[in-house]
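J.:
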Amino acid sequence: ERPVFFLKPPSALIGPNSTIVLPRMSKRVDHEVELAVIIGKRARNVPAKKVMDYVLGYTILLDITARDLQAEARKSGMPWTLSKGFDTFAPVGPRVVDKRELDISDLEIGLKVNGELRQLGRTSEMVFKVPELIEYISSVMTLEPGDIIATGTPAGVGP
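Letter by letter, the sequence shown follows residues 8 to 166 in this note's numbering.
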């Protein structure tokens, strides 16, 4: 089994307190909180055991998704770019934590919406760990410094 990955355009990136603009063409927009890995140096064909040499640090990313458009794309075998690539669909931050300051092996990841807990999980429950993800993605494309890899979301995605 291989990880599924997709690209978001730079225009999707916004800060943590910025406004997410909902597209008119979608009737259901969901949140997905994810640990985000920031690449620190050019990475190509990196073996899992060397991945941490290429990681700068971590932050949090909301993978905002037009769920109805994603369902249509899945059904027709199309890429998810339309459902995940809208401007403002990747809020990140508020800070980057240096890789030496954070043990991500069993980190709690959660999201509250208006004070209500919507998602909660642990990195130890991830289907693919960070070394596996970056090993695979770097076998497909070159990762550049500043690239952000979102690592997947815990249960509880929703509006």
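Yeah, the Cβ is synthetic: ideal placement off N, Cα and C, and Gly gets one too.
Roughly how many angstroms lie between the CA atoms of residue 77 and residue 89, to the nearest whole one?
T.: If you number the sequence shown from 1, residue 77 lands on position 70. If you number the sequence shown from 1, residue 89 lands on position 82. About 8 Å.
J.: For residue 149, which residues from the same chain have a beta carbon less than 8 Å from its beta carbon, with the 5 sequence-adjacent residues on both sides left out?
T.: Position 142 of the sequence shown, counting from 1, holds the residue named residue 149. Here the set comprises 49, 50 and 51.
J.: Identify every residue that forms a DSSP beta bridge with residue 98.
T.: Here residue 98 corresponds to residue number 91 of the sequence shown, with the count starting at 1. According to DSSP, which records beta bridges pairwise, residue 98 is partnered with 21.
J.: How do the stretch 69-85 and the stretch 137-152 stand: do at least 3 beta-carbon pairs fall below 8 Å, yes or no?
T.: No contact exists between the stretch 69-85 and the stretch 137-152.
J.: Say whether the stretch 14-34 touches the stretch 51-61, bearing in mind that this needs 3 or more beta-carbon pairs closer than 8 Å, one atom from each stretch.
T.: Verdict: no, contact absent.
J.: In this structure, how does DSSP classify residue 114 when only helix, strand and coil are distinguished?
T.: Counting from 1 along the sequence shown, the entry for residue 114 is found at position 107. Coil, per DSSP.
J.: Once you ignore the five residues that flank residue 105 on each side, which residues in its own chain have a CB closer than 8 Å to its CB?
T.: Mapped onto the sequence shown, residue 105 falls at position 98. Excluding residues within five positions, the ones whose Cβ falls inside 8 Å are 63 and 64.
J.: Leaving aside the five residues before and after residue 12 along the sequence, list all residues of the same chain whose C-beta is less than 7 Å from its C-beta, in chain order.
T.: The count along the sequence shown starts at 1 and reaches residue 12 at position 5. The answer, listed in chain order, is 144.
J.: Assign residue 134 to one of three DSSP states: helix, strand, or coil.
T.: Counting from 1 along the sequence shown, the entry for residue 134 is found at position 127. Three-state result, residue 134: coil.
J.: State the beta-bridge partners of residue 65 as determined by DSSP.
T.: By 1-based counting over the sequence shown, the position of residue 65 is 58. Note: residue 65 sits in a beta bridge opposite 44 and 104.
J.: From 164, 162, 155 and 163, pick the residue whose C-alpha is nearest to that of residue 15; which is it?
T.: Taking the sequence shown and counting its residues from 1, the one referred to as residue 15 is at position 8. The shortest C-alpha separation from residue 15 is found at 155.
J.: Consult DSSP for residue 39 and reduce its assignment to one of helix, strand or coil.
T.: In the sequence shown, counting from the first residue as 1, residue 39 sits at position 32. DSSP places residue 39 in coil when its eight states are reduced to three.
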